[in-house]
Amino acid sequence: MAEWFNIFRSLCVVKMFLICLLFTTDIIAREKQDTVAVTLQLQWNHQFQFAGYYAAKLKGFYQDAGLDVTIKDGGYDEHGHAIVPESEVLFHRAQFGTTRSDLLINHSRGFPLVVLANILQHSPYVFLTTEDYGFNRLEDIGNQRPISLNLPGSGDQRIDAEAVAALLVAGVDLSSLNNHFPTWDLNDLIQGKTQLMPAYITDSPYFLKKAGKAPVAIEPRDYGIDFYGDLLFTSEYMLKEQTEVVSKFRQASLDGWRYALAHPEEIASHIFNTYKMRGEQYDKAFLLYEAQEMMKLINPSVIEVGYINKTRWESIAKVYQHLGLIDHYDLDSFIYQSDTGDDWERFKRWLQLLSFPFILLVGAIFYLSLITLRLRYEVEKRKQAQRELAKQADLDSLTGITNRRGFQKSLDREFNLAKRYENNFTLLILDIDYFKEINDLYGHLAGDLVLQSLVITTQRLLRNTDLFSRFGGEEFVILLPNTPVEKGVLLAERILTVNRDNIVLFEGKEINYTISIGVAEIADEDVTTHDLFKRADALLYQAKDSGRDCIRVEGIPANNE
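The sequence shown begins at 1 in full-length UniProt numbering and counts up by one.
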């Protein structure tokens, strides 16, 4: 009797599933009858910076979603007034917009705006200067150089939090700077009206090179400030009143971005031939350069396009709070919660491909999947446990960072990528000076505390993409992807300084320590990772032999002695 009951129950489940499928196909048929007109407001001029939205329109992704999308460029209007996407969306002149991480500041001040997707996983914002002015660190600005940044008191209501945070980390006194209202005009930099200005690394260095100048870009990430770049947003009103439209627009836009990143030349040609760009310098060669630089910031081979990491937003919010730009924040109402909306859109597109015989087949497959569901659950639990064990095997139990085993995996991967795509990366090997004496004088518990303190102190200076590992004993390694040796040296100097100034308290005693660092960049003659590591290790021992508490790097003097 029980067996017949189970069969009857299973048949009922399958029948209900088929009814639901038929019902949803009817919904889809009715939904396709209506087209909704929406406007997307960009924060700057037409260029590859917004390629995904152009691709979504070109390839029919918006049309397939029942959307008629108008894309408006930003920048400045005919009266010279800045076009602010947040205002355009709030006042319903546009339904969607693009902007930067500062959207969180507006949200915390009561503006009902919601981030839908983070397109650039890292900000393109840089401090831009040229080799003519002879400096490449924020610490060397001084109070005489004319600079133009969005800082408090600059005369602009907008404040670049990234700039302020990086300057403070560098120990710069903002009140002492010779700062003026920024125009974002590269001619000011070329003509000497300013020696430092805000810029996007995706475009301004290209134009400086065309003007015969050697650009020097100082990145906030070099100072541990790693904000999101361009993002897609909407209003709470849209999210509440037209939930399905928001979900469709978001998904179609992300589909457009995936297509644009896979076909940069096609989309660059489309932008050049279709959209009115401001300035003759916006040629196809520039668009392809921009595509190449954006690929590094989006990193689609590693991170899902549009991915939102709440923990990173938490870190950004803490920076805003520290700078006094916001008092409180609510990430739950700020970050888009897709629930099942995006999955539903993908499911509907899939259903459109099905005819009734296929629906019957799907029902049968669904029935069989019920039988194996429990087994899959158990297998997944076992795999999860295995993954957790593997993860723990790659971590150092004392400091919580990657151990030698985990580091070697990352080094091998980064080395192969660098060789294949001709990327650069820099390796730092650092060692605590006279660590044995610390253990002998204070005990091994104190030594452990010094190791942990070094990790905490150093990690604050690193980017999310950098890999910090304990190689063994008191020796540590730092892998810096897409980083030339010159920037590796700048970071090494800051690491050297903050650890020299760090005081470890142990049982009422103050323990000071110093470190020595060897810095090496991947070279054409490096056949294996061993070749690179051997050079960096030799440089570390040169630093040790030179009196310790210093840096050694091939062919480049370091300002650390």
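Note that CB positions come from ideal geometry on N, CA and C, so glycine has one too.
Quick caveat: nothing in here was measured; it's all calculated off a predicted structure.
Cut-off 8 angstroms between Cβ atoms - residues of its own chain near residue 208, not counting five sequence neighbours on either side
On the sequence shown, position 208 is the one that residue 208 refers to. Close CB contacts of residue 208 within its chain, under the 8 angstroms cut and outside five residues either way in sequence, are with 128, 130, 186, 189, 190, 214, 215 (chain order).
Helix, strand or coil, according to DSSP, for residue 277 in the structure here?
Start at 1 with the first residue of the sequence shown, and residue 277 comes out as number 277. It is coil, neither helix nor strand.
Are residue 136 and residue 277 touching if we call contact CB-CB under 9 angstroms?
Within the sequence shown, numbered from 1, the residue matching residue 136 stands at position 136. Within the sequence shown, numbered from 1, the residue matching residue 277 stands at position 277. Between residue 136 and residue 277, the C-beta gap is not smaller than 9 angstroms, which leaves the two residues out of contact.
DSSP three-state assignment for residue 431, whether helix, strand or coil:
One-based indexing of the sequence shown puts residue 431 at position 431. Annotated three-state conformation of residue 431 is strand, per DSSP.
If we ignore side chains and look at the alpha-carbon of each, how far apart do residue 492 and residue 481 end up?
Locating residue 492 in the sequence shown gives position 492, counting from the first residue. Locating residue 481 in the sequence shown gives position 481, counting from the first residue. Computed Cα separation, rounded: 15 angstroms.
Which of the three DSSP states, helix, strand or coil, is assigned to residue 286?
Here residue 286 corresponds to residue number 286 of the sequence shown, with the count starting at 1. Taken through DSSP and simplified to helix, strand or coil, residue 286 comes out as helix.
Figure out for me which residue from 511, 101, 60, 184 has the closest Cα to the Cα of residue 315.
As a working note, residue 315 is residue 315 in the sequence shown. Residue 101 is the option with its Cα nearest to residue 315.
Where does residue 40 fall in DSSP's three states?
In the sequence shown, residue 40 corresponds to position 40, counting from 1. It is a strand residue.
Check whether the region 222 to 238 touches the region 310 to 324, counting contact only when three or more Cβ pairs, one atom from each stretch, lie closer than 8 angstroms.
At 8 angstroms Cβ cutoff, the stretches touch.
In chain order, what residues of the same chain lie with their CB nearer than 6 angstroms to the CB of residue 475, ignoring the 5 residues before and after it?
Residue 475 sits at position 475 when you count from the first residue of the sequence shown. So the list reads 431, once near-sequence residues are dropped.
Under the rule that 16 or more other beta-carbon atoms within 10 Å means buried, what is residue 385, buried or exposed?
As a position in the sequence shown, residue 385 is number 385, starting the count at 1. Only weak support is given to the placement of residue 385: the predicted model assigns it a pLDDT of 48, under 50, and the question is left unresolved by the model.
Identify the residues that DSSP records as bridge partners of residue 522: which are they?
Here residue 522 corresponds to residue number 522 of the sequence shown, with the count starting at 1. For residue 522, which the question treats as bridged, DSSP gives no partner whatsoever.
If you run the structure through DSSP and keep just helix, strand and coil, what is residue 127?
Translated into positions along the sequence shown, residue 127 becomes position 127. The DSSP-derived three-state label of residue 127 is strand.
For residue 46, which three-state DSSP category applies?
Along the sequence shown, read from residue 1 onward, the residue named residue 46 stands at position 46. For residue 46, the three-state secondary structure derived from DSSP is coil.
Would you mind sorting residue 441 into buried or exposed? The rule is 16 or more other CB atoms within 10 Å of its CB.
Against the sequence shown, residue 441 aligns to sequence position 441. Counting every other CB atom within 10 Å of its CB across the protein chains shown gives residue 441 a total below 16, marking it as exposed.
On a CA-only basis, which of 337, 544, 539 is nearest residue 435? Give me that one, please.
Counted from its first residue, the sequence shown places residue 435 at position 435. Out of 337, 544, 539, 544 has the C-alpha closest to the C-alpha of residue 435.
Among 445, 530, 485, 553, which residue has its Cα nearest to the Cα of residue 518?
Counting from 1 along the sequence shown, the entry for residue 518 is found at position 518. That would be 553, whose Cα lies nearest to the Cα of residue 518.
For residue 541, the three-state DSSP class (helix, strand or coil):
Counting from one through the sequence shown, the residue named residue 541 turns up at place 541. Note: residue 541 maps to helix in three-state DSSP.
Can you find the residues in the same chain that come closer than 6 angstroms, C-beta to C-beta, to residue 542, ignoring five residues on each side of it along the sequence?
Translated into positions along the sequence shown, residue 542 becomes position 542. Close CB contacts of residue 542 within its chain, under the 6 angstroms cut and outside five residues either way in sequence, are with 552 (chain order).
Roughly how many angstroms separate the alpha carbons of residue 462 and residue 511, rounded to a whole number?
In the sequence shown, counting from the first residue as 1, residue 462 sits at position 462. In the sequence shown, counting from the first residue as 1, residue 511 sits at position 511. Their backbone Cα atoms lie some 24 angstroms apart in a straight line.
Return the CA-CA distance between residue 302 and residue 144, expressed in angstroms with no decimal places.
The sequence position of residue 302 within the sequence shown is 302, counting from 1. The sequence position of residue 144 within the sequence shown is 144, counting from 1. If you take the alpha carbons of residue 302 and residue 144, they lie about 43 angstroms apart.
Who are the Cβ neighbours of residue 261 in its own chain at under 6 angstroms, not counting the five residues just before and after it?
Here residue 261 refers to the residue found at position 261 of the sequence shown. For residue 261, the CB contacts under 6 angstroms within the same chain, skipping 5 residues up- and downstream, are 300 in chain order.
Buried or exposed: where does residue 527 fall if 16 or more other Cβ atoms within 10 Å of its Cβ makes it buried?
Stepping through the sequence shown from its first residue, residue 527 is reached at position 527. Flag for residue 527 reads exposed.
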